[in-house]
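Under the numbering used here, residues 47 to 424 are what the sequence shown spells out, in order. To keep things clear, I will list the structure first and then write my remarks on it.
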Amino acid sequence: MKNISRLRYFIYLSLIIIGGCTTGKKALQKGDYDASVAKAVSRLQNSPKNSEAMQVLKTAYDLALQDHLRKINEAKLSNDLYRWESIMYDYQKINQLADDINSCPACLVLVPTPSKYIQEVADSKLNAAAARYNSGLGYLQTNDRQSAKKAYYEFEKAQNLQPNYKDVKAKMDDAYWAAVTRVVVQPIILNGGPYKLSADYFQQQIDQFISSYSRNKFVIFYGEEQATNQKIIPDQVLSLNFDDFMVGQTYVKERIEKLKRDSVVIGETRERKPVYGTVKATLSVFEKTISSSGLLDMSIMDWQSKKVVRQQKFPGTYVWRDSWASYKGDDRALSNNQLAMTRRKEVLPPPPSALFLEFTKPIYNQLVDDIGYYYNSF
Numbered sequence: 047m048k049n050i051s052r053l054r055y056f057i058y059l060s061l062i063i064i065g066g067c068t069t070g071k072k073a074l075q076k077g078d079y080d081a082s083v084a085k086a087v088s089r090l091q092n093s094p095k096n097s098e099a100m101q102v103l104k105t106a107y108d109l110a111l112q113d114h115l116r117k118i119n120e121a122k123l124s125n126d127l128y129r130w131e132s133i134m135y136d137y138q139k140i141n142q143l144a145d146d147i148n149s150c151p152a153c154l155v156l157v158p159t160p161s162k163y164i165q166e167v168a169d170s171k172l173n174a175a176a177a178r179y180n181s182g183l184g185y186l187q188t189n190d191r192q193s194a195k196k197a198y199y200e201f202e203k204a205q206n207l208q209p210n211y212k213d214v215k216a217k218m219d220d221a222y223w224a225a226v227t228r229v230v231v232q233p234i235i236l237n238g239g240p241y242k243l244s245a246d247y248f249q250q251q252i253d254q255f256i257s258s259y260s261r262n263k264f265v266i267f268y269g270e271e272q273a274t275n276q277k278i279i280p281d282q283v284l285s286l287n288f289d290d291f292m293v294g295q296t297y298v299k300e301r302i303e304k305l306k307r308d309s310v311v312i313g314e315t316r317e318r319k320p321v322y323g324t325v326k327a328t329l330s331v332f333e334k335t336i337s338s339s340g341l342l343d344m345s346i347m348d349w350q351s352k353k354v355v356r357q358q359k360f361p362g363t364y365v366w367r368d369s370w371a372s373y374k375g376d377d378r379a380l381s382n383n384q385l386a387m388t389r390r391k392e393v394l395p396p397p398p399s400a401l402f403l404e405f406t407k408p409i410y411n412q413l414v415d416d417i418g419y420y421y422n423s424f
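Printed below as a string of structure tokens:
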């Protein structure tokens, strides 16, 4: 019986705690008036006669309204450039409270005419857009890229607050092109030879990267031919050249192993009993490696000053390997793996153009990572 009484007590206590939370009482005690109103409204929608929620709603709504109006008045008296966004936010919160109450019949009995500020929201949006627009004009007059970038974001916020405000779209466009860094990427020059096709493919990968680059919208890459056709005056020129490369350096290493195995059946007696003995063999293992490597130089030059602002070197290496073996003597001296190796034949290595392409793969990965890192902050 005692256990049942305790269980009932804890259930009752839990209901009181849960009830206190869902009616908004705790939020009210913490001074979170908006949350208190929302919870009280939710409770009254499900339980219209909940006395605690009714009491909480009336008190919380009055306090929430007073709190938002106080913040609005304080903001209007401040010199904060963006004060109208704060004012708009508080008016919107008041309107949200009214919408919540209007959706609850039991709540309207307690708060029959919740305040709404429709025109005030529209006016504050307009004033907020004007503040952002004027701020953007100020940044744009500074005539440097970082200020133009700030101007772009100010015009963008003005556009979001008040679509088609004045000539904000045109100003956004002006700010964008004033903030953009135009980078012309010069092609890698590799005259003729067996590697030209591979170098062209490597160049195509770089061209594809710069054409799809989107990490920073204030940086635009142009190929040299594209820049010429569009008469682009670059801000920077990015040059790529191989300082050096070596393809097909071949090494062949032979390793000789003397093998023997005891207790191997080498015959039988007249009585057909096995005769055990030792078998021997000489195993020659051949290991062939073909090494290819190169070093790519990347330099970025400021077009106006003709000074190199960044220079990096990216190494790449690719090693092709093959192995096979031969033996002399009794094959029973060899393990299964060794015997399988003797059945392999030397294979033809990839052509030089393929080896060239392989060592450029790690170079490409380093290159695009560095370009992305460098231009991310522009």
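Cβ coordinates follow ideal geometry from the N, Cα and C atoms, glycine included. Here the structure is a predicted model, which means the values were calculated and not measured.
Beta carbon of residue 333, beta carbon of residue 369: below 7 Å? As a position in the sequence shown, residue 333 is number 287, starting the count at 1. As a position in the sequence shown, residue 369 is number 323, starting the count at 1. Closer than 7 Å, so yes.
With respect to the beta strand (DSSP E) encompassing residue 151, which residues constitute its N-terminal and C-terminal limits? By 1-based counting over the sequence shown, the position of residue 151 is 105. First-last for residue 151: 151 to 156, but that is the alpha helix (DSSP H), not the beta strand (DSSP E).
Can you tell me which of the three DSSP states residue 236 falls into? The residue you call residue 236 lines up with position 190 of the sequence shown. In this structure, residue 236 counts as coil in the three-state DSSP scheme.
Is there contact here, the stretch 346 to 360 with the stretch 306 to 321, by at least three beta-carbon pairs under 8 Å? no
What's the C-alpha gap between residue 175 and residue 211? In the sequence shown, the residue the question calls residue 175 occupies position 129. In the sequence shown, the residue the question calls residue 211 occupies position 165. Those two C-alpha atoms are separated by around 7 Å.
Any alpha helix (DSSP H) of 4 or more consecutive residues that is wholly inside the stretch 322 to 389: 382 to 388
Classify residue 406: buried if its beta carbon has 16 or more other beta carbons within 10 angstroms, exposed otherwise. As a position in the sequence shown, residue 406 is number 360, starting the count at 1. Answer is buried; the Cβ neighbour count reaches 16.
Which of the three DSSP states is assigned to residue 415 in this structure? Mapped onto the sequence shown, residue 415 falls at position 369. Looking at residue 415 - three-state DSSP - the assignment turns out to be helix.
Please confirm whether residue 284 and residue 346 have their CB atoms less than 7 Å apart. Position 238 of the sequence shown, counting from 1, holds the residue named residue 284. Position 300 of the sequence shown, counting from 1, holds the residue named residue 346. Closer than 7 Å, so yes.
Name, in chain order, the residues that DSSP records as bridge partners for residue 200. Stepping through the sequence shown from its first residue, residue 200 is reached at position 154. For residue 200, which the question treats as bridged, DSSP gives no partner whatsoever.
Residues that DSSP places opposite residue 302 in a beta bridge: Numbered from 1 along the sequence shown, position 256 holds the residue referred to as residue 302. BP columns for residue 302 point to 330.
Return yes when the Cβ of residue 236 is within less than 7 Å of the Cβ of residue 289, no when it is not. Working through the sequence shown from its first residue, we reach residue 289 at position 243. Working through the sequence shown from its first residue, we reach residue 236 at position 190. Cβ atoms of residue 289 and residue 236: not closer than 7 Å.
With a cut-off of 8 Å on the beta carbons, I'd call residue 104 and residue 156 a contact; round off their distance for me. Within the sequence shown, numbered from 1, the residue matching residue 104 stands at position 58. Within the sequence shown, numbered from 1, the residue matching residue 156 stands at position 110. Rounded, the Cβ-Cβ distance is 5 Å, consistent with contact.
For residue 408, which of helix, strand or coil comes out of DSSP? Walking along the sequence shown from the start, residue 408 turns up at place 362. Reduced to three states, the DSSP call for residue 408 is helix.
Considering residue 226, what are the terminal residues of the alpha helix (DSSP H) in which it resides? If you number the sequence shown from 1, residue 226 lands on position 180. That residue, residue 226, is in no alpha helix (DSSP H); it is neither H nor E in DSSP.
Let me check one thing: in DSSP terms, what residues is residue 266 bridge-paired to? Position 220 of the sequence shown, counted from the start, is the residue given in the question as residue 266. Looking at the DSSP assignment, residue 266 forms a beta bridge with 228.
I'd like to know whether the C-beta atoms of residue 402 and residue 241 end up nearer to each other than 7 Å. Within the sequence shown, residue 402 is the residue found at index 356, counting from 1. Within the sequence shown, residue 241 is the residue found at index 195, counting from 1. Cβ distance < 7 Å, so residue 402 and residue 241 count as in contact.
Quick one: grab the DSSP three-state call for residue 398. Residue 398 sits at position 352 when you count from the first residue of the sequence shown. Helix, per DSSP.
Might you give, ordered along the chain, the residues of its own chain that have their beta carbon closer than 7 Å to the beta carbon of residue 113, omitting 5 neighbours on each side? For the purposes of this step, residue 113 is taken as the residue at position 67 of the sequence shown. Cβ neighbours of residue 113 beyond the five flanking positions: 79.
Across the stretch 139 to 149 and the stretch 169 to 189, are there enough close Cβ pairs to call them in contact, namely three or more that are closer than 8 Å? no
State buried or exposed for residue 229, treating a residue as buried only when at least 16 other CB atoms are found within 10 Å of its CB. In the sequence shown, the residue the question calls residue 229 occupies position 183. Its Cβ being crowded by 16 or more others within 10 Å, residue 229 is buried.
Straight-line Cα distance separating residue 164 from residue 87: Counted from its first residue, the sequence shown places residue 87 at position 41. Counted from its first residue, the sequence shown places residue 164 at position 118. So the alpha carbons of these two residues sit roughly 22 Å apart.
For residue 191 versus residue 225, is the C-beta spacing smaller than 7 Å? Translated into positions along the sequence shown, residue 191 becomes position 145. Translated into positions along the sequence shown, residue 225 becomes position 179. Yes, they are a contact pair.
Can you name, in chain order, every residue of its own chain whose Cβ lies under 7 Å from the Cβ of residue 408, other than the five neighbours on each side? Taking the sequence shown and counting its residues from 1, one reaches residue 408 at position 362. Result list for residue 408: 362, in chain order.
Based on the DSSP output, what are the partners of residue 427 in its beta bridges? Residue 427 is absent from the model: the chain starts at 47 and stops at 424.
Mapping the DSSP letters down to three states, classify residue 278 as helix, strand or coil. Locating residue 278 in the sequence shown gives position 232, where the first residue counts as 1. Coil.
Can you tell me whether DSSP reads residue 284 as helix, strand or coil? In the sequence shown, counting from the first residue as 1, residue 284 sits at position 238. Strand, per DSSP.
Looking at C-alpha atoms only, which residue of 223, 265 and 166 is the closest neighbour of residue 422? Walking along the sequence shown from the start, residue 422 turns up at place 376. For residue 422, the nearest C-alpha among the options comes from 265.
Can you pull the DSSP bridge partners for residue 313? Residue mapping note: residue 313 aligns to position 267 of the sequence shown, counting from 1. Answer is 321.
Since residue 186 and residue 220 should fall inside the 8 Å C-beta cutoff, what is the C-beta to C-beta distance between them, to a whole number of angstroms? Here residue 186 refers to the residue found at position 140 of the sequence shown. Here residue 220 refers to the residue found at position 174 of the sequence shown. Between residue 220 and residue 186 the Cβ distance is about 7 Å, and since that is below 8 Å, they are a contact.
Could you give the DSSP three-state label for residue 421: helix, strand or coil? If you number the sequence shown from 1, residue 421 lands on position 375. Residue state, collapsed to three classes: helix.
Exposed unless 16 or more other CB atoms sit within 10 angstroms - verdict on residue 159: Here residue 159 refers to the residue found at position 113 of the sequence shown. Exposed, because fewer than 16 other Cβ atoms sit within 10 Å of the Cβ of residue 159.
Supposed contact pair residue 196 and residue 205 - C-beta distance, whole angstroms, cut 8 Å: Reading the sequence shown from its first residue, position 159 is the one you call residue 205. Reading the sequence shown from its first residue, position 150 is the one you call residue 196. In fact, because the Cβ distance is near 15 Å, the residues do not count as touching under 8 Å.
How many angstroms separate the CA atom of residue 416 from the CA atom of residue 280? Residue mapping note: residue 416 aligns to position 370 of the sequence shown, counting from 1. Residue mapping note: residue 280 aligns to position 234 of the sequence shown, counting from 1. Distance between the alpha carbons of residue 416 and residue 280 is about 20 Å.
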